[in-house]
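Some notes on the structure that comes next.
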Amino acid sequence: MVVYGAIVLSLVGLILGLSFVLGQRHHDRARGEPYEGGILSTGSARMRFSSQFYLVAMLFVIFDVETVFILSWAIAFRELGWYGYAGVAVFMLMLVVVLVYEWRNGALDFGPDGNKILAAYKRLTQKPAA
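Under my numbering, the first residue of the sequence shown is numbered 1, with each subsequent residue one higher.
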């Protein structure tokens, strides 16, 4: 075991040493840039995301895991019988309840409210021309 570890470490050292000695050394203008593709970077990489983005990501993960559970149930459908069917039915009912709860709380509202947009449009069109 120790001999094997020594052989692996010496091989890694040999490969790294050879790549350092035989490797190319060039200092182009774009070498110090984060991306060497020739595109100049603009702005900062530290962007702030809306909390809505993280909420959508969590909902996606939750409902993606749900798909894995239902798919595994479908594969083992014959072995589980009615007991498995009842379990999946309860599981799906709970997911529907959670989905309705999230919908009612506004977690699925991704943009401005359509009624507010229509009300603003009506106010703009009803103003008398001067």
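C-beta atoms are modelled at their ideal positions from N, C-alpha and C, and glycine is treated no differently. Fair warning: this is a prediction, and the values are worked out from it, not measured in the lab.
Same chain, Cβ closer than 6 Å to residue i, neighbours up to 5 away in sequence not counted
| i | result |
| --- | --- |
| residue 3 | none |
Cβ neighbours of residue i in the same chain (closer than 7 Å, five flanking residues each side left out)
| i | result |
| --- | --- |
| residue 108 | 102 |
Nearest-angstrom Cβ-Cβ length linking residue i and residue j, presumed shorter than 8 Å
| i | j | result |
| --- | --- | --- |
| residue 81 | residue 73 | Between residue 73 and residue 81 the Cβ distance is about 11 Å, and since that is not below 8 Å, they are no contact. |
Residue i (DSSP reduced to helix, strand or coil)
| i | result |
| --- | --- |
| residue 78 | helix |
| residue 109 | coil |
| residue 1 | coil |
| residue 69 | helix |
| residue 25 | coil |
| residue 50 | coil |
| residue 125 | helix |
| residue 44 | coil |
Reference residue i, options the options, closest by Cα
| i | options | result |
| --- | --- | --- |
| residue 98 | 63, 15 and 1 | 63 |
| residue 65 | 95, 44 and 89 | 95 |
| residue 52 | 121, 125 and 105 | 105 |
| residue 90 | 70, 119 and 1 | 70 |
| residue 55 | 115, 1 and 110 | 110 |
Proximity test, Cβ basis, 7 Å: residue i and chain D
| i | result |
| --- | --- |
| residue 70 | The displayed structure is made up of one protein chain only, and chain D is not part of it. |
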